[in-house]
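**Student:**
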């Protein structure tokens, strides 16, 4: 299947600093990427939908100025957590749909392995 | 409105015994439904999907699920559990949001497999 890579897998940062997480589709073009957040022992919560070349669409309650999303190309989307605080510590997962197969139309997404952020 | 409910947060079975993970959905249209599996500190992997074709869907690793419209259910089953099946399982419904579709995740069921 299609491969989605996230980097870094683990990151620890000090409170007040910013952290960037990358999501890449390695062998396909992704017009749309999704960013999820997962708290321990909880489900995935959709944060935002990232469309290539346009502004991201944020879910209700997600601060767009805090979680900056950029989708500059068909293979790369980035999530930047600005001025991170300990409550931002979480597991962040991206997913992408394959433009060629239009899998998104049927809901099939390919997920990255996630990035665990710990803010001290 | 579309939503999905996973009735059990934890399920524990013995190796070699059947697995049943329950899922009920609510949808205004004929839904698309999925089961994803997540191993610890890993991303998600698609197990199987229902998109209005055959009601009994076979997936990877011996899993299958049956779509029952009358019961609004999409339970996941496997005849014989293996130790490697221990993971978190998510039932997911596809939300048709206009230009972009979204996946709505259930709260997950943690499957433990005892030797």
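Protein chains in written order, with this note's numbering: chain A, -14 to 105; chain B, 609 to 723.
Using N, Cα and C, we set each Cβ at its ideal position, and we do this for glycine too.
None of the values given here were measured: they were computed from a predicted structure.
1. Are residue 64/A and residue 8/A touching if we call contact CB-CB under 9 Å?
2. Less than 8 Å between C-beta atoms, sequence neighbours within five positions excluded: which residues of the same chain meet that for residue 693/B?
3. Sort 34/A, 3/A, -8/A by Cα distance to residue 105/A and report the nearest one.
4. Taking the C-alpha atoms as reference points, what is the distance between residue 71/A and residue 103/A?
5. Using a Cβ-Cβ cutoff of less than 7 Å, which residues in the same chain neighbour residue 710/B once the five nearest sequence positions on both sides are dropped?
6. Any idea what DSSP makes of residue 692/B, helix, strand or coil?
7. Using the beta-carbon count (16 or more within 10 Å), is residue 618/B buried or exposed?
8. Would you decide whether residue -11/A is buried or exposed? Buried here means 16 or more other CB atoms lie within 10 Å of its CB.
9. So with CB distances below 8 Å, who are the chain B contacts of residue 52/A?
10. For residue 34/A, which residues of its own chain have a beta-carbon under 7 Å away from its beta-carbon, when the five flanking residues on both sides are left out?
11. What does residue 18/A pair with, by DSSP beta-bridge criteria?
12. Would DSSP call residue 7/A helix, strand or coil?
13. If the cut is a Cβ gap below 9 Å, which residues of chain A does residue 632/B touch?
14. Can you pull the DSSP bridge partners for residue 668/B?
15. At which residues does the beta strand (DSSP E) containing residue 686/B begin and terminate?
**Tutor:** Judging by the given coordinates:
1. On the first chain, position 79 is the one that residue 64/A refers to. On the first chain, position 23 is the one that residue 8/A refers to. Yes, the pair counts as a contact, with Cβ atoms nearer than the cut-off.
2. Numbered from its first residue, the second chain carries residue 693/B at position 85. Counting only Cβ-Cβ distances below 8 Å, and skipping sequence neighbours, we find 627, 669, 686, 719, 721.
3. The residue given as residue 105/A occupies position 120 in the first chain. Out of 34/A, 3/A, -8/A, 3/A has the C-alpha closest to the C-alpha of residue 105/A.
4. Against the first chain, residue 71/A aligns to sequence position 86. Against the first chain, residue 103/A aligns to sequence position 118. Between residue 71/A and residue 103/A, the C-alpha separation is close to 7 Å.
5. Counted from its first residue, the second chain places residue 710/B at position 102. 703, listed in sequence order.
6. Position 84 of the second chain, counted from the first residue, corresponds to residue 692/B. The answer is helix: DSSP assigns residue 692/B an H, G or I state.
7. Against the second chain, residue 618/B aligns to sequence position 10. By the 10 Å Cβ count, residue 618/B comes out exposed.
8. The residue labelled residue -11/A in the question sits at position 4 within the first chain. Buried, since its Cβ has 16 or more Cβ neighbours within 10 Å.
9. For the purposes of this step, residue 52/A is taken as residue 67 along the first chain, with counting starting at 1. The premise fails here: residue 52/A is roughly 17 Å from chain B at the closest Cβ pair, so nothing lies under 8 Å.
10. Residue 34/A sits at position 49 when you count from the first residue of the first chain. So the qualifying residues of the chain are 17, 19, 41, 42.
11. Working through the first chain from its first residue, we reach residue 18/A at position 33. Answer by DSSP bridge pairing, in chain order: 35/A, 81/A.
12. Within the first chain, numbered from 1, the residue matching residue 7/A stands at position 22. In this structure, residue 7/A counts as strand in the three-state DSSP scheme.
13. In the second chain, the residue the question calls residue 632/B occupies position 24. Near residue 632/B there are no residues of chain A at all, since even the closest Cβ is about 15 Å away, more than 9 Å.
14. Taking the second chain and counting its residues from 1, the one referred to as residue 668/B is at position 60. The partner list for residue 668/B (beta bridge, DSSP) is empty, contrary to what the question assumes.
15. Here residue 686/B corresponds to residue number 78 of the second chain, with the count starting at 1. First-last of the beta strand (DSSP E) with residue 686/B: 681 to 686.
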